[in-house]
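What follows is a set of notes on a single structure, which appears directly below.
As structure tokens, then:
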């Protein structure tokens, strides 16, 4: 069973000094590919460096909504240069976060819309972060139109009604360790309702650790437990979920097998 962690942060300070260890541990659990996701200029650069160093990795670069208050014209120029790297396969993670609210909401909305426009200019899909901002996230994606480039709702935690709305916009859906949480009933409902051909799995490590390791620091290898939780919810095998989500992530990130 091969698994693709479609959204992780080995470029973060929790991992960056010990990447080989976590890559090895991931492989032992069947996680053989991963996408490292940036959130500002430095973390984007680290994601790119790792993607060139490790053949099983690709990079995603963009400005996280929490960092959007620091998004300047100069930062945008650097981002456009980073997007030209051949190991950068998507723009993200971008979106809205009204939970932490570390950047003004209006700034978040402007930076989100601007980055979607850049993604359309360069022809790369978007990786979207949404926390407590369903209405505005949906509206901005709908107004921009992403059908030509595609996108994914990372760590989706909405109910089946929101699931349908985002699917209708042409977005794919990625599930994190939240899918393994006993009381995440709305997510369980959405897991069962999501077409398998638009589903991905992720860790969002070091965050959102799945059961049975909840409370520990997350890591890419733990994608396996999310796969197992989704398989149980859908009454199928982990192998079926792993195979489908691996294929979907390969297509989304434009990866050709050797």
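Residue numbers (the numbering used here): 1 to 258. The beta carbon of each residue, even a glycine, is placed where N, CA and C say it ideally should be.
* **8 Å contact criterion, which residue 139 and residue 98 should meet: CB distance rounded** => About 13 Å separates the two Cβ atoms, so there is no contact after all.
* **Ordered list of alpha helix (DSSP H) runs contained in the region 180-207, each at least 4 residues** => 185-193
* residue 7 beta carbon less than 8 Å from that of residue 204 -> yes
* Asked: With DSSP run on the structure shown, which of helix, strand or coil describes residue 145?
  -> coil
* **Buried/exposed call for residue 21, threshold 16 Cβ in 10 Å** => exposed
* Please report how far the alpha carbon of residue 258 lies from the alpha carbon of residue 159, in whole angstroms. => Confidence at residue 258 is low in this model, with a pLDDT of 40, below 50, so its placement is unreliable and no value can be given for it.
* To do: Starting from residue 24, follow its DSSP beta bridges and name the residues at the other end.
  => Paired residues: none, contrary to the question.
* Nearest CA to the CA of residue 13: which residue from 38, 78 and 173? -> 38
* **residue 244 to residue 225 span [Cα, whole Å]** => 16 Å
* Quick one: what's residue 136 bridged to in DSSP? -> In DSSP, residue 136 forms no bridge with anything.
* Between the region 226-234 and the region 56-73, are three or more C-beta pairs nearer than 8 Å? -> no
* Please confirm if the region 160-168 is in contact with the region 199-218, defined as three or more CB-CB distances below 8 Å between the two stretches. => no
* Can you name the start and end residues of the alpha helix (DSSP H) that residue 84 belongs to? -> Segment: none, residue 84 is in no alpha helix (DSSP H) and carries neither H nor E.
* What is the residue span of the beta strand (DSSP E) that residue 33 lies within? -> 31-37
* **Whole-angstrom C-beta distance between residue 253 and residue 47, which should lie under 8 Å** => Actually they are not in contact, since the Cβ atoms of residue 47 and residue 253 sit about 13 Å apart, beyond 8 Å.
* **Of the residues 155, 114, 241 and 34, the one placed nearest residue 143, counting alpha carbons only** => 114
* Asked: Should residue 127 go down as buried or exposed, given a rule of 16 or more other Cβ atoms within 10 Å for buried?
  -> buried
* Minimum C-alpha distance to residue 50 - residue among 79, 28, 40 and 87 -> 87
* **Closest residue to residue 58 among 107, 79 and 10 (Cα-Cα distance)** => 10
* Helix, strand or coil at residue 126 according to DSSP, with G and I counted as helix -> strand
* Taking the CB atoms as reference points, tell me whether residue 199 and residue 171 lie closer together than 8 Å. => no
* Mind checking which residues open and close the beta strand (DSSP E) that includes residue 5? => 3-8
* **Close-in-space but distant-in-sequence residues of the same chain around residue 193 (CB under 7 Å, 5 per side omitted)** => 160 and 163
* Since residue 173 sits in a beta bridge, which residues does DSSP pair it with? -> 153 and 199
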